[in-house]
Structure formats: structure tokens, C-alpha cells
Amino acid sequence: MSKQFDVVVIGGGPGGYIAAIRAAQLGFNVACIDEWKNAKGGPALGGTCTNVGCIPSKALLQSSEHFDHASHHFAEHGIEVNGLSLDLAKMVARKDTVVKQNNDGIVYLLKKNKVTFFHGRGSFVAAKDGGYEIKAGEELIQGKHIIVATGSNARALPGTPFDEDNILSNDGALRMGAVPKKLGLIGSGVIGLEMGSVWRRLGAEVTILEGLPTFLGAVDEQIAKEAHKAFVKQGLKIELGVKVGEIKNGKKSVSIAYTNAKGEAQTLDVDKLIISIGRVANTIGLGAETVGLALDERDAIVVDGDCKTNLPNVWAVGDVVRGPMLAHKAEEEGVAVAERIAGQHGHVNFNTIPWVIYTNPEIAWVGQTEQQLKAVGRAYKAGTFPFMANGRARALGDTTGMVKMLADATTDEILGVHIVGPMASELIAECVVAMEFRASAEDIARICHAHPSLSEATKEAALAVDKRTLNF
Ligand code: FAD
Ligand code: NAI
């Protein structure tokens, strides 16, 4: 008789492994199936996030920023560096070590929580006995509840497959063997900017071709403009409003024909090309059709607000369903689903999911942008505070950017916070907490913030909402 589980999770990324742990904490007998292989063919838990996403990109962003500081900014602090050189192989090996530490950490966590792990593909075989029969690698297992967390894959341009040698997805972009002299990127979204920054800092001449006429259209306009200015100053070439045409993949270079915003025909010749034009939900080999699991026109699994699919006791979370493709969103959905299976009231507040782009300056936001508030006719007050006027930022030598707070014109409730500048990724956490507790700008303005700290800029932005900044 096949092994029986209360909950079977297909996918071991942040959505899946966190759902498995939470379900186990709630007393269920849980299995987690993941097919990712490391270089030796063994398991590599953590999905896109750990293997070719959040973790390795942040490791390379950190290393390349150190290099950039040593090359260009140490001198401002009176530190002279002679004979600086780059050992790229060592930098990439360090990144791989960080990834492995995270892979191993998740193996430990699953063991600690008594989750049974199967390495291999998970697929639906049949609905059976009020549950489901699932192929887990080579074994057949049974689950009463199934949580699908199979993630996403990089979107390719039609007719231009990734070879991960010249034409790279996020995977190849994180393991180039040498710094390309000329690097092209298509798409100036989150991956385009993060990966473009890494390789520019390491010495590549970087050109990003973006289809839309506006830069970072989802970001508050004022913040996006400030960020654009900083990136261009650093030497990132960003061409907006282009139409990409034929891409020729030569042996040692790539040639991209495109039309620029003025309608002029152009060619960009580069050594390597990263295509970062978004990601597509991954349901390959899941056997969705064998049990009638509904997918939408983009192959994402159709779910309701509670992550329920069209099938009884089948749930789906993370990148494989609607909503932002973020690791923390996947995790929150995983926890909420495990709690719903246990009869509790799991909840994910989509209005307070933070976004962070880990460039320099960092960009982070939560809630509504000024443009969104205008579009729905909501009366608001805005307060901004520049890092230029923040003592800690001056001491750091990093004064680019600002904090911008938006609050309801009548109630003063915070509706959105938008930050471009140093450590925006950490500063946004206070704003998420504030919005979760439905704080007013006045609440933040009256809270004692340590001096000197970057967080004082958040307090000052809150004061600015009431036009009473103290330090500007
Ligand atoms: P995934 O992490 O994609 O995990 C899915 C897992 O399921 C994989 O291991 C896959 O092999 C496995 N799988 C798929 N099908 C099957 C099957 N049939 N059987 C068994 N296993 C299967 N997000 C952030 O929040 N912050 C960041 O800084 C960030 N940086 C990123 C950088 C890059 C370069 C990229 C590409 C993404 C980044 N993301 C970031 C997005 C983040 O990685 C995803 O949102 C997150 O990984 C989604 O988690 P998930 O569990 O839904 O899916
Ligand atoms: P993205 O959606 O952020 O950006 C894609 C960009 O490509 C957009 O600006 C789009 O207009 C442009 N584009 C699309 N088609 C194009 C075409 N044919 N020609 C030119 N431009 C085109 O997607 P990206 O950067 O691939 O990242 C995927 C997702 O991964 C992100 O949306 C995010 O959810 C996640 N991610 C999150 C990170 C973080 O949280 N720090 C870091 C990296 C990725």
C-alpha cells in the first residue's frame, strides 16, 4: 500500500517548503516533493529563490558593491587602494556557497519538522478515496490535501531560446565565467536592473533595452525618476520605448536589431545578452489535465482569494498563481493555506506586501503610489524627506534619494510609502508594520527614532505630511 499523507506539497521553493513546515507544525503528516537538482544531481531545496533568484542575486549584488566601493568610493574616506583586482571565479564560488548553505538549511528544517521529502517530479495521477494519488519521483503516494507550489520560469522571447551561454536567463546571468565587455539586457524591470548593476559594477558596458516608454511604470513616478537619474549617472545605458526585432546569436556575440523610441532602426552588438522580460507560471509535467485542474490562458493555476483551486482539497500558492512573483508573497500564501487546511483563518494582506529592488540606490515601497491614488480620486497628503538632509546618510557617504509618505487627507492613515536610497530594503519594514496596524502619519511622526539613523528620514517624511519637518 502506498504511503498516506494528510498534506502533500508539490514544489520546495519558498511557497512550498514554508507551507510544508507550517502544516507539520499544525500536526499534519506532510510530504514535500521537489525536483531541483544541484550540480551533482542531488536535491537543492529552496526553488528559484534559493538556487537562481533572491539569494544568489543578493550575494553577487553584495560582492559587486564591495568591488565598486573599493574601486570608486574608498578614496572619499581617505582609503587608498592600489592594485585592486577581481577574482570572479572566487566571487561566484562564494555565491554558490551561500546558495548551498540555504539549500542545506531547508533540508534541516524539513527534517526538524518531520516532513517527508521526495526528490523528483511530483504529478497528479488520479483523484482517489476522497484524496489524490500523486507520483513522487519513482514512488506513488496518497494525499488528502495537495498544495501546488511549482513556481515559475523565465519568459523567453519568441524565436530566441535561452542557451545560457550567449543568451541568458536569470540562471546564466548568475554564473558567467568572465565579465563581458559589452552586456545587453532586454527588459529594465527588477532582474534587468539588479543583474545590470552587478555586471556594470564588475566592469561591463551595460545597455538595457526596455519596451515601455516609462521607466519602472509600477513604481511611484517621483521615486522612479530619482532612481533613473542615479542609474544613468552610474553608467547604465537604459533605452526606453524600443521595439526589439531580430536577435542573431553568433558564436561569440549577439546582435540585436531594434527600433528606438524615435522609430529609428538600430543594432546593438554585445558579448552576452540577458533576457529579463518577466516570468511564466510553471505547470510543466504536473499532470494538471489528468485530474482537471484548471489553468488560465497563461498556464497559471486558477485560484480564488484563499488559494483554492477548482478541485476539492487542492490548493496552489506562489508564482504559479496570480499576484506578485515574490518569495515573501509565496511564503505568506503557504502559511495561510496550511492554516486554512487546519480550519484556521489564514490571511494574506495584498495591500501590505513590500517590494524591494536591491540596486544602489535601493528602491522599496508598500501600498499605493501617488498615481494610483490620483487615478481613484482619493484625497491624500504627501510628505517627502531627502537623505541629503539625514546625518547618518551623510556619514555613510550615501545621500541619494528620499522617503516619500502618502496619507489620507482626512484621516491621516498611511496609504503608501516609497523609498529610494540607502537601506530602503530595511527601512520599508517599519512602514509595512505601520500600515498593517493602520497607523497615521502622525503616529510615525511621534515615535522616537534613534539618532543618527536612516530611519529618521521616515519619521521626517511623516512630519512632512503635516508640513512640519524639523531637519529640512
Ligand atoms: P519557486 O521558488 O520557483 O519554487 C518552485 C519549486 O518547485 C522549484 O524548486 C521547482 O524545481 C519545483 N517544481 C516545479 N514543478 C515541480 C514538480 N512537478 N514536481 C516537483 N517539483 C517541482 N523575490 C523576492 O521576494 N525577493 C527577491 O530579492 C527576489 N529576487 C529574485 C531574483 C531573481 C533573479 C529571480 C528570477 C527571482 C527573484 N525573486 C525574488 C522571485 C522569487 O524567486 C519567486 O517569487 C519565488 O521563488 C517564488 O516561490 P515559489 O515557491 O512559488 O516558486
Ligand atoms: P519584470 O516584470 O520586473 O520586468 C520585465 C520588463 O521587461 C518590464 O519592464 C517590461 O516592460 C519589459 N519587457 C517585456 N517584454 C519586453 C520586450 N519584448 N521588449 C522589451 N522589454 C520588454 O520582470 P523580470 O525583471 O524578468 O523579473 C521577473 C519577476 O521576478 C519580477 O517581476 C519579480 O516578481 C521577481 N523578482 C523580484 C526581485 C526582487 O524582489 N528584488 C528581483 C528579481 C526578480
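899 is the number of the first residue of the sequence shown in this note's numbering; add one for each residue after it.
Even for Gly, the Cβ is constructed at its ideal location relative to N, Cα and C.
Only a predicted model underlies this, so the values are computations on that prediction, with no experimental measurement involved.
Please check the pair threonine 1250 and glutamate 1334, which I expect to be a contact at CB under 8 Å, by giving their CB distance rounded to whole angstroms. 5 Å
DSSP beta-bridge partners for asparagine 869? Residue 869 lies beyond the stretch modelled for the chain, which goes from 899 to 1370, so this question has no answer here.
Nearest-angstrom Cβ-Cβ length linking phenylalanine 1015 and leucine 1008, presumed shorter than 8 Å: 5 Å
Alpha-carbon to alpha-carbon, isoleucine 1136 and lysine 1127: 11 Å
Those residues which DSSP pairs with glutamine 1164 across a bridge: Tyr1156
Confirm, please, whether the CB-CB distance from proline 912 to alanine 1228 is below 8 Å. yes
Could you tell me the distance, in whole angstroms, from the CA atom of leucine 1081 to the CA atom of alanine 1362? 42 Å
Taking only heavy atoms of ligand 2 into account, decide whether any of them is closer than 7 Å to the Cβ of tyrosine 1256. yes
Does DSSP put alanine 1339 in a helix, in a strand, or in coil? helix
Could you check what DSSP says for tryptophan 934 in three-state terms: helix, strand or coil? coil
Restricting to Cα atoms, I'd like to know which of Leu1325, Val1315 and Leu1072 is closest to glycine 1281. Val1315
Going by alpha carbons, who is nearest to methionine 1223 out of Trp934, Gly939, Val1140 and Gly1176? Gly1176
Range of the contiguous beta strand (DSSP E) that encloses alanine 1280: 1278-1284
Cα separation between proline 1284 and alanine 1054? 39 Å
Residue burial classification, cysteine 930 (beta-carbon count within 10 angstroms, cutoff 16): buried
At the level of alpha carbons, what is the spacing between isoleucine 1065 and aspartate 985? 23 Å
Please identify the residue among Pro1111, Tyr1256 and Asn1211 whose C-alpha is closest to the C-alpha of glycine 1241. Asn1211
Classify alanine 1305: buried if its beta carbon has 16 or more other beta carbons within 10 angstroms, exposed otherwise. buried
Output the distance between the C-alpha atoms of glutamine 1040 and valine 905, rounded to the nearest integer angstrom. 9 Å
When you compare each of Ser1151, Thr1048, Thr1165 and Ala922 to tryptophan 934 by their alpha carbons, which one comes out closest? Thr1048
When you compare each of Leu1138, Gly1319, Phe965 and Lys998 to leucine 982 by their alpha carbons, which one comes out closest? Phe965
Heavy atom of ligand 2 within 7 Å of arginine 1220 beta-carbon: no
Under 7 Å from any heavy atom of ligand 2, does the C-beta of glutamate 1092 make it? yes
Where valine 1088 and histidine 1043 are concerned, what is the direct C-alpha to C-alpha distance, given to the nearest angstrom? 34 Å
Are the beta-carbon atoms belonging to valine 1046 and valine 1218 less than 8 Å from one another? yes
With a threshold of 7 Å, establish whether the CB of valine 1178 neighbours any heavy atom of ligand 2. no
Host beta strand (DSSP E) of aspartate 1194 (start-end): Counting along the chain, aspartate 1194 falls outside any beta strand (DSSP E), and DSSP gives it neither H nor E.
Which same chain residues end up closer than 6 Å to valine 1301 when comparing Cβ atoms and leaving out the 5 residues on each side of it in sequence? Phe1283, Ile1317, Ala1355, Thr1356 and Ala1359
Are the Cβ atoms of isoleucine 908 and glycine 1020 separated by less than 8 Å? yes
Any idea what DSSP makes of serine 900, helix, strand or coil? coil
Beta-carbon separation of asparagine 1051 and glycine 951 under 8 Å? no
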